[in-house]
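Enquirer: Under this note's numbering, the residue at position 15 of the sequence shown is numbered 44, and the numbers go up by one with no gaps.
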Amino acid sequence: MNTNERFTGELSSISTQIDDLISRVEKILETSSLNRTDENAGLLEIERHLRSTRREVNRLIKD
30 MNTNERFTGE LSSISTQIDD LISRVEKILE TSSLNRTDEN AGLLEIERHL
80 RSTRREVNRL IKD
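Right, here's the structure in full:
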């Protein structure tokens, strides 16, 4: 059993938590009245990093 197999449950839980964070950021973006482009850009950057992190975690789960 490799390290990833030992932690599959934990990684799956982390992936679910990341999904929740992505949804929360998306909701902020949808409902925000932020007019400043740099504030929206920051939230979009956070969303991008979370999606990238989720892909990496899911890759570890599959390996």
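Backbone N, C-alpha and C fix where the C-beta goes; we use that ideal spot for every residue, glycine too.
Would you call Leu151 buried or exposed, if buried means 16 or more other Cβ atoms sit within 10 Å of its Cβ?
Expert: This structure cannot speak to residue 151, because the chain is shown only from 30 to 92.
Enquirer: By DSSP, does Asp49 sit in helix, in strand, or in coil?
Expert: Mapped onto the sequence shown, residue 49 falls at position 20. DSSP places Asp49 within a helical segment (H, G or I) once states are collapsed to three.
Enquirer: Do Leu72 and Ile57 count as a contact pair if the criterion is CB distance below 8 Å?
Expert: Working through the sequence shown from its first residue, we reach residue 57 at position 28. Working through the sequence shown from its first residue, we reach residue 72 at position 43. Cβ distance < 8 Å, so Ile57 and Leu72 count as in contact.
Enquirer: For Ser81, does the three-state DSSP call read helix, strand or coil?
Expert: Sequence index remark: in the sequence shown, residue 81 carries index 52 (1-based). Residue state, collapsed to three classes: helix.
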